[in-house]
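Everything below concerns the one structure shown next.
There are 2 protein chains.
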Amino acid sequence: MALSKKPVTGMRDILPGEMQVRDYVIGVIKETYGRFGFTSIETPCMENIANLSNKQGGENEKLIFKVLKRGEKLNVAQAQEEGDVVDFGMRYDLTVPLVRYYSNNAAQLPAPFKALQMGNVWRADRPQRGRYRQFMQCDIDIFGEESNLAEIELILATTTTLGKLGFQGFEIRINDRQLLKAMASSSGFSEEDYDSVFITLDKMDKIGMDGVKAELLENGFAPDIAERYLELYRGLEQAENGLDYLREKLGENLESSVTEGLREIIESVNAAKAADFRIVFDPTLVRGMSYYTGPIFEIVMPGLGISCGGGGRYDKMVGKFTGKDVPACGFSIGFERIILLLTESGFRIPNAPKRIAYLVEKGVEGQAMADVIAKAQAAREEGVQVLVARMNKNKKFQKEQLTAEGYEAFVEFYREALKNG
Amino acid sequence: MALSKKPVTGMRDILPGEMQVRDYVIGVIKETYGRFGFTSIETPCMENIANLSNKQGGENEKLIFKVLKRGEKLNVAQAQEEGDVVDFGMRYDLTVPLVRYYSNNAAQLPAPFKALQMGNVWRADRPQRGRYRQFMQCDIDIFGEESNLAEIELILATTTTLGKLGFQGFEIRINDRQLLKAMASSSGFSEEDYDSVFITLDKMDKIGMDGVKAELLENGFAPDIAERYLELYRGLEQAENGLDYLREKLGENLESSVTEGLREIIESVNAAKAADFRIVFDPTLVRGMSYYTGPIFEIVMPGLGISCGGGGRYDKMVGKFTGKDVPACGFSIGFERIILLLTESGFRIPNAPKRIAYLVEKGVEGQAMADVIAKAQAAREEGVQVLVARMNKNKKFQKEQLTAEGYEAFVEFYREALKNG
C-alpha cells in the first residue's frame, strides 16, 4: 500500500524558509528573556488526562487529543466510554503543565522562579485557514513574586523582545480582574453572572456601547443594572484619568491598591521601556481564562486590532496541585502570529552568514573531491555557510533554486581543471 | 480532587540547569550544521497511524503512543479493536516523518536537499533508569545525492559539531550493508536469514567469535556455513587492510564500488576533518534498521563502548511514498546521551553572559522601584543577565540558591538608602 504524503489533518509541514525565521525568532526570545533572568524549562507534551480536564482550561478542554492506554490496561472490545481507553492527553497550553512542574519541583527551584517555556501545544479545533492543530506557544511566568514587580518585569521583557524583533508602535493594554469584578458588582450584577457579562463586555471593540447593552438585555439582565454598568463605561470615555475616575466612582467596592497597582505598573514600564510602544489602561479588557486573579494584559499590533499575546496574574492555581497557593503571573506571546507577521512583511534575518555553493562536476572523485571538501571546511571555519553539491544536469535551474535559498555566490569545480590544477 | 504533581509515567520534567546545557548544545548544532548547508525543517509530532505501521520502523512500531479519534468518528462502545478508535500516532523517530515530508514537498525543495531536524519522539518502552518515553532526536539527512559526497558531508558535519561541543578521541565506525550481505551470501546463508544472522553478528563486541558461532548454531544454521562465515571474520582480524582482504576474498560476490566507496569516504573524511577522532572500517557493524541500503556508520565515545549516534544510506524509502526512489542518506546523533555525558562531566557553558541579581527590599515601590528597574534595563542592554527580585526574609538562603543558579554578584536595594538618594 502506498503511504500518505500529507501531514495529518489540520497540521502542517514547515518549509526551510519559514524555519529560518522561526529559528532566528527563537534565538532572540531565548537571549532577551535570558537577560531578564528567565530560565528555560521543559515538560512532557503529554499530561495525565485528569490534570487536563480540571476546568482550568475552559473551552480548550473540549479540544484535547487523547492518548490510548497501552498493553494490558487496554481492552477496546469491553470499553464503554472514552475514560476506559484513555490515560494521557496532549497538552492544550503550557500553563497547566507549568503549574504542575512548579508544584513537583519547587524544592529545587529558586524563589522567585522565572520560567521560559517554548513548546508545541495541540488543539483539535475545526481546521481552518491559518489555524493549525499543532502550534508553538511561548510563555514566561514568575512564581513567588506577590508584588507587581512581576507584572512590570513580564511586560518589559516581552516588549523588549518584540522591539528586538523589529516591532514598533504597538500597544500593551492592561486591566485588572478585580476592577472588572468591582465594576460589575457595583452595577448590581451578581457574582455567578460575571463570566457571562464579561463575555459580552469583551465585544465592546466590535459592537460598541449600544451593542453591549443590547446583548446584556437579550441575555436577560435587568435594564437598570445594564444601564448603570454602561454609565460607568460612558463616564470612563469622558474621564481625564480612568483610574482616578473609577477609584472615586467605585468607592468602597474597590480596594485602592488595585488602581494604585495599575498606575504603578504603567509608570514603571514607561520609565524603563526599551521599545517603541504605549501601555494603556483598557477597562474593557477581559482575557478569556477565568483563572486570572489580578492584573491582566494584552499586546495589540498597530493596524491589526487583534491580540498578539497576553497574560496576567493567577495566584490561585498552584494551590490546586499542592493545597497551598503561591503568587504567579505570566505573559504569553502569540508566537505563530509573530512568525506570520514577519514572513508576510518580507522579514530578512540580520547578520545571516554568507552563503556560497560549491558545485562539483560528476566524476570529480578521490583526491580531487577531498581537496574540494577541504576547501569548504576552511571556509566554514571562517563562518561562511558552504554547500558542497554535485552539479545537476540543468545547472541553470539548480542555481536559480539555490539563489532562492539565499546562496549568493557559486564556485564550480570541473574534473579537467582539477586534474590540471 | 487534588491534581497529580508528577509527570506521566516514563516521562520527565527538565530542570533549568540541564535546560541551559540543552539550549547551548542546540545552538551549537544549529550553527554548525548550518555552515554545512543543512536547513531546519519541522513536521507534526503526529502522523497517520498507517504511515507509522508500515514496517519501516522495526521493533519501534510496537511502542507507538496512539491517538484517539475524535467527534463523530469515535464510537468506543461499539469498537472491537484498536484500529476502530485510533487514527493518528506519535512519531517514534524522525526518519519516517522526514521521508513523508520530502515526498510531500519535493517540488519546493532544492536538489540536493539537506535537512536538519531536532524534535521529540515518543516510545512506550518499559520505563527504566535513564531511558524516557519522550526524548529528543537530532537528525541530518541529504536527499538527491547518489555519490558518497553525502556520506562524507554527513560525517564531517557531525564530527565537527561533536568537536565544537568539546568531545575528542571518539571513533566513527563504518561498514556497508552490501558488504554485510555479500559476506553472508558467500558463506552460504540465504537472503531470508540475513536479518537473523546480523542480529547475532551485532553481538560480536560482547560475546566474541566463539559466542557468535555458538548462537548461529543454536539458531539452527549449518555448521559449515557458520564456520565459513567466522573464517572470513578471523581472516579480517589478521588482514593488514580489511577492505583489500574482503575484495579479494569475496570476488564476484561483491562489486568493487562498495569497498572503493568505503575507502574514499574514509580517506576524504581523514583529509578534511575538523575534530579529534578516528574513522575506522568495522565489518561487524550492523545498525538495526533494515531500510539501510549502503554505507552505515556509528559514533563510539572513548571508554563508553556504546553508540552515541549513527546512520546510513537508505535509497529505497522515498519510493514507498511516491513510487519513485530517490537517493537518501542520514546521520542521527544521540542527543540525550550527549547531554548526559556533558552534564555528568560538569560541563560549563563557554561565554555565558555575566549574571547579577538585584535584591530589592520589600516596601521599595513607585519611583524608587522604577529607578531600580531602569538601572537593570541599562545593564541588560549591555549584555548582562539581571534578575530583579524581592529580597526574601532569609536573604542568606536566597543568595545561596541564586549562587547555585549561576549568579555571580548581588546588589541590594534598601528603602532608606533609596529615599536618601
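Chains as they are written, first to last, in our numbering: chain A, 1 to 421; chain B, 1 to 421. All C-beta atoms in this analysis are idealised placements derived from N, C-alpha and C, irrespective of residue type, glycine included.
Range of the contiguous alpha helix (DSSP H) that encloses A/Pro97: Taken as a continuous stretch (DSSP letters only), the alpha helix (DSSP H) holding A/Pro97 covers 95 to 105.
Residue from B/Arg91, B/Gly261, B/Gly323 whose Cα sits closest to the Cα of B/Asn175: It is B/Gly261.
Chain-ordered neighbours of B/Gln385 on chain A, where CB pairs are closer than 9 Å: Those within 9 Å of B/Gln385 in chain A are Gly34, Arg35, Phe36, Gly37.
Backbone secondary structure at B/Leu109 - three-state DSSP: Reduced to three states, the DSSP call for B/Leu109 is coil.
Paired residues, beta bridge with A/Ala409 - DSSP: In the DSSP output, where bridge partners are listed per residue, A/Ala409 has A/Ile356.
Rounded Cβ spacing between A/Tyr233 and A/Met209 (contact assumed at less than 8 Å): The C-beta separation of A/Tyr233 from A/Met209 comes to about 6 Å, placing the pair in contact by the 8 Å criterion.
CB contact below 9 Å: A/Met301 versus chain B: Taking Cβ atoms only, chain B never reaches closer than 9 Å to A/Met301, which makes this a no.
Cβ contact check for the stretch 177 to 188 of chain A and the stretch 55 to 71 of chain A: 3 or more pairs under 8 Å: With the cut-off at 8 Å, the stretch 177 to 188 of chain A and the stretch 55 to 71 of chain A do not touch.
Near-chain A residues of the stretch 233 to 246 of chain B - C-beta to any C-beta below 8 Å: For the stretch 233 to 246 of chain B, which is checked against every Cβ of chain A, not one residue is closer than 8 Å.
Unbroken alpha helix (DSSP H) run spanning B/Gln377, endpoints: For B/Gln377, the uninterrupted alpha helix (DSSP H) run begins and ends at 366 to 381, by DSSP.
C-beta neighbour in chain B for A/Tyr101, strict 9 Å: Yes, its Cβ sits closer than 9 Å to a Cβ of chain B.
For A/Val86 and A/Met1, the rounded distance between their alpha carbons: Per-residue confidence for A/Met1 stands at a pLDDT of 49, beneath the threshold of 50, marking its modelled position as unreliable; the derived number appears in the next sentence. Going by C-alpha positions, A/Met1 is about 29 Å away from A/Val86.
Supposed close pair B/Cys446, B/Ile333 - CB separation, criterion 8 Å: No answer is possible for residue 446 of chain B: the residues shown for chain B start at 1 and end at 421.
Assigned secondary structure, A/Ile29 (DSSP; H/G/I helix, E/B strand, else coil): Helix.
Cβ separation of A/Glu255 and B/Gly366, assumed to be a contact under 8 Å, to the nearest whole Å: Going by Cβ atoms, the distance from A/Glu255 to B/Gly366 rounds to 17 Å, so no, they are not a contact pair.
Cα-Cα separation, A/Met11 to B/Gly242: A/Met11 and B/Gly242: Cα-Cα distance of roughly 49 Å.
Close Cβ partners of A/Met118 (< 6 Å) along its chain, the five nearest in sequence each way excluded: Correct list, in chain order: Cys138.
Reduced DSSP secondary structure (H/G/I, E/B, other) of B/Pro295: DSSP places B/Pro295 in strand when its eight states are reduced to three.
Min CB distance A/Ala79 to chain B below 9 Å: Yes, A/Ala79 counts as interfacial toward chain B.
7 Å CB neighbourhood of B/Glu171 in its chain, flanking five on each side removed: Scanning its chain for C-beta atoms nearer than 7 Å, with the 5 sequence neighbours on each side dropped, one finds around B/Glu171 the residues Phe277, Arg278, Val280, Val300, in chain order.
Cβ of A/Asn54 within 9 Å of any chain B Cβ: At least one C-beta of chain B is nearer than 9 Å to the C-beta of A/Asn54.
One or two residues paired with A/Ser307 in a DSSP bridge: DSSP lists A/Val300 as partners of A/Ser307.
For B/Leu3, the first and last residue of its enclosing alpha helix (DSSP H): For B/Leu3, no alpha helix (DSSP H) run applies, since DSSP gives it neither H nor E.
Alpha carbon of A/Ile14 to alpha carbon of B/Glu42, nearest angstrom: One Cα belongs to A/Ile14, the other to B/Glu42, and the distance between them is close to 5 Å.
Identity of the residue in A/Tyr414, A/Lys164, A/Phe410, A/Ala404 nearest B/Gln108 by Cα: It is A/Ala404 whose Cα lies nearest to the Cα of B/Gln108.
Interface partners of B/Ile373 on chain A, CB under 9 Å: Residues of chain A passing the Cβ test: Leu149, Ile152, Glu153, Leu156, Ser268, Val269, Ala271, Ala272.
Contact set between the stretch 11 to 33 of chain A and chain C, restricted to residues whose Cβ is under 8 Å from the partner: As a matter of chain content, chain C is missing from the structure shown, whose protein chains are A and B.
Exposed unless 16 or more other CB atoms sit within 10 angstroms - verdict on B/Ser268: Per the 10 Å Cβ criterion, buried.
Neighbour flag for B/Met204 against chain A, beta carbons, 9 Å: With its beta carbon at least 9 Å from every one in chain A, B/Met204 lies outside the interface.
Within 9 Å, strictly: CB atoms of A/Ala328 and A/Ile142: Taking 9 Å as the cut-off, the beta carbon of A/Ala328 is found closer than this to the beta carbon of A/Ile142.
Beta strand (DSSP E) segment containing B/Glu171, residue limits: Run containing B/Glu171: 170 to 176, per the beta strand (DSSP E) assignment.
Per DSSP, cross-strand counterpart(s) of A/Met118: Paired residues: A/Cys138.
Within the stretch 316 to 355 of chain A, ranges of the alpha helix (DSSP H) (whole runs, at least 4 residues): DSSP runs (the alpha helix (DSSP H)) wholly in the stretch 316 to 355 of chain A: 318 to 322, 335 to 344.
N- and C-terminal bounds of the alpha helix (DSSP H) containing A/Val286: Premise fails: A/Val286 is in no alpha helix (DSSP H) and is neither H nor E.
Chain B within 9 Å of A/Ser40, Cβ atoms only: A/Ser40 belongs to the set of residues whose beta carbon lies under 9 Å from a beta carbon in chain B.
Nearest to A/Leu156 (by Cα), restricted to the options A/Arg177, A/Glu145, A/Ile140: Looking at the Cα atoms, A/Ile140 is the closest of the given residues.
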